[in-house]
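Chemist: This structure is in structure tokens; I'll ask about it shortly.
In full-length UniProt numbering, the protein residues as written are 1 to 218.
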């Protein structure tokens, strides 16, 4: 098998390098556009109360910081729930809320308990059964669903409301998705792109825990 020798000015080499450079430039442009799109989505994130009244994003986030700070001072519990990628977002958020914000924070998708509840009561009721047993008045439940349609999340939110918990929803996709109207505070990202919605939810939740870490709350 012959070896290839690089020769400056070789037309085939120049052509290959030119194609490579063009691909890199195209990829960089695509990534830059994606970053701009993400920034715009976060800036335009809509926040509403249960009655549908709107808040500016910063005002809604501040309300939530204060709520979580009061929860910490009162010794209440924070539960963060989601499915699939949103469950991963929930786990990451709980890690930061527990470690940085010193909140009594937990998720509810531990595998053996989740499969037990799903097997006995159906997946759509599994989280709701756990919420009914765990959540007390004054606790906070953060429910994450990109589509806002997940029935198990919606059922859990209903149980949390009945128990007297304060419910915060994070959703995306359709503006009229069901979850968006079930929380005391609702944050909605106007995109049908799973990646952007999930990363957007993670960004907003991380911003909350970062506020505690920076000593801006409490």
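Here a beta-carbon is modelled for each residue, glycine too, at the ideal position from N, C-alpha and C.
Model, not experiment: these values are computed from the prediction.
Kindly provide the ranges of any beta strand (DSSP E) runs that are 3 or more residues long and lie completely inside the region 142-217, ordered along the chain.
Modeler: Entirely contained in the region 142-217, the beta strand (DSSP E) runs reaching 3 residues are, in chain order, 166-171 and 185-188.
Chemist: Are the beta-carbon atoms of residue 182 and residue 154 separated by less than 8 Å?
Modeler: Here residue 182 corresponds to residue number 182 of the chain shown, with the count starting at 1. Here residue 154 corresponds to residue number 154 of the chain shown, with the count starting at 1. For residue 182 and residue 154, yes; Cβs fall inside 8 Å.
Chemist: Could you check the C-alpha separation between residue 215 and residue 69 for me, to the nearest Å?
Modeler: Here residue 215 is taken as the residue at index 215 of the chain shown, counted from 1. Here residue 69 is taken as the residue at index 69 of the chain shown, counted from 1. Going from the Cα of residue 215 to the Cα of residue 69 covers about 11 Å.
Chemist: Name the residue from 185, 136 and 85 whose alpha carbon lies nearest to the alpha carbon of residue 150.
Modeler: Stepping through the chain shown from its first residue, residue 150 is reached at position 150. Residue 85 is the option with its Cα nearest to residue 150.
Chemist: I'd like the span of the alpha helix (DSSP H) that includes residue 135, first residue to last.
Modeler: Locating residue 135 in the chain shown gives position 135, where the first residue counts as 1. Per DSSP, residue 135 belongs to no alpha helix (DSSP H) and is neither H nor E.
Chemist: Please name the residue in 90, 98 and 145 whose C-alpha comes closest to that of residue 178.
Modeler: Mapped onto the chain shown, residue 178 falls at position 178. If we check each option's Cα against that of residue 178, 145 comes out closest.
Chemist: Within this structure, are the beta carbons of residue 103 and residue 67 separated by less than 8 Å?
Modeler: Within the chain shown, residue 103 is the residue found at index 103, counting from 1. Within the chain shown, residue 67 is the residue found at index 67, counting from 1. No, these two residues do not count as a Cβ contact at 8 Å.
Chemist: With DSSP run on the structure shown, which of helix, strand or coil describes residue 92?
Modeler: Counted from its first residue, the chain shown places residue 92 at position 92. Helix at residue 92.
Chemist: Going by C-alpha distance, which of 196, 128, 163 and 126 is nearest residue 36?
Modeler: Locating residue 36 in the chain shown gives position 36, where the first residue counts as 1. Considering only alpha carbons, the answer is 196.
Chemist: Would a check of beta-carbon distances place residue 68 closer than 8 Å to chain C?
Modeler: Among the protein chains of the structure shown there is no chain C, as only one such chain exists.
Chemist: From residue 55 to residue 87, what does the alpha carbon distance come to, in whole angstroms?
Modeler: By 1-based counting over the chain shown, the position of residue 55 is 55. By 1-based counting over the chain shown, the position of residue 87 is 87. Looking at the two C-alpha atoms, the distance is approximately 26 Å.
Chemist: DSSP three-state call for residue 110: helix, strand or coil?
Modeler: Here residue 110 refers to the residue found at position 110 of the chain shown. Looking at residue 110 - three-state DSSP - the assignment turns out to be coil, as it is neither helix nor strand.
Chemist: Count Cβ pairs between the region 157-165 and the region 187-207 that sit closer than 8 Å; are there 3 or more?
Modeler: Touching, no.
Chemist: Please list, in chain order, all residues of the same chain as residue 107 whose beta carbon is under 6 Å from its beta carbon, the five residues on each side excluded.
Modeler: To locate residue 107, count along the chain shown from 1; it is residue 107. Counting only Cβ-Cβ distances below 6 Å, and skipping sequence neighbours, we find 80, 90, 91 and 94.
Chemist: In chain order, what residues of the same chain lie with their CB nearer than 6 Å to the CB of residue 139, ignoring the 5 residues before and after it?
Modeler: Numbered from 1 along the chain shown, position 139 holds the residue referred to as residue 139. Answer for residue 139: 76, 77 and 165, listed in chain order.
Chemist: Residue 30 by DSSP, collapsed to three states: which one?
Modeler: For the purposes of this step, residue 30 is taken as residue 30 along the chain shown, with counting starting at 1. Residue state, collapsed to three classes: helix.
Chemist: When you compare only the Cα positions, how much space is there between residue 127 and residue 169?
Modeler: Sequence index remark: in the chain shown, residue 127 carries index 127 (1-based). Sequence index remark: in the chain shown, residue 169 carries index 169 (1-based). The alpha-carbon atoms of residue 127 and residue 169 are separated by roughly 15 Å.
Chemist: Quick check: what's the CA-CA separation for residue 57 versus residue 46?
Modeler: Taking the chain shown and counting its residues from 1, the one referred to as residue 57 is at position 57. Taking the chain shown and counting its residues from 1, the one referred to as residue 46 is at position 46. Near 7 Å, if we compare the C-alpha coordinates of residue 46 and residue 57.
Chemist: Let me know if residue 44 comes out buried or exposed under the rule of 16 or more other beta-carbons within 10 Å of its beta-carbon.
Modeler: Translated into positions along the chain shown, residue 44 becomes position 44. Answer is exposed; the Cβ neighbour count stays below 16.
Chemist: Taking the Cβ atom as the reference point for each residue, do residue 208 and residue 64 lie within a distance shorter than 8 Å?
Modeler: As a first step, residue 208 must be located in the chain shown, where it is residue number 208. As a first step, residue 64 must be located in the chain shown, where it is residue number 64. Taking 8 Å as the Cβ cut-off, residue 208 and residue 64 qualify as a contacting pair.
Chemist: Within the continuous beta strand (DSSP E) that includes residue 78, where are the two ends?
Modeler: Here the question's residue 78 lines up with position 78 in the chain shown. That run of the beta strand (DSSP E) goes 77-81.
Chemist: Which residues in the same chain have their Cβ closer than 6 Å to the Cβ of residue 205, if we skip the five residues on either side of it in sequence?
Modeler: Within the chain shown, residue 205 is the residue found at index 205, counting from 1. Counting only Cβ-Cβ distances below 6 Å, and skipping sequence neighbours, we find 93.
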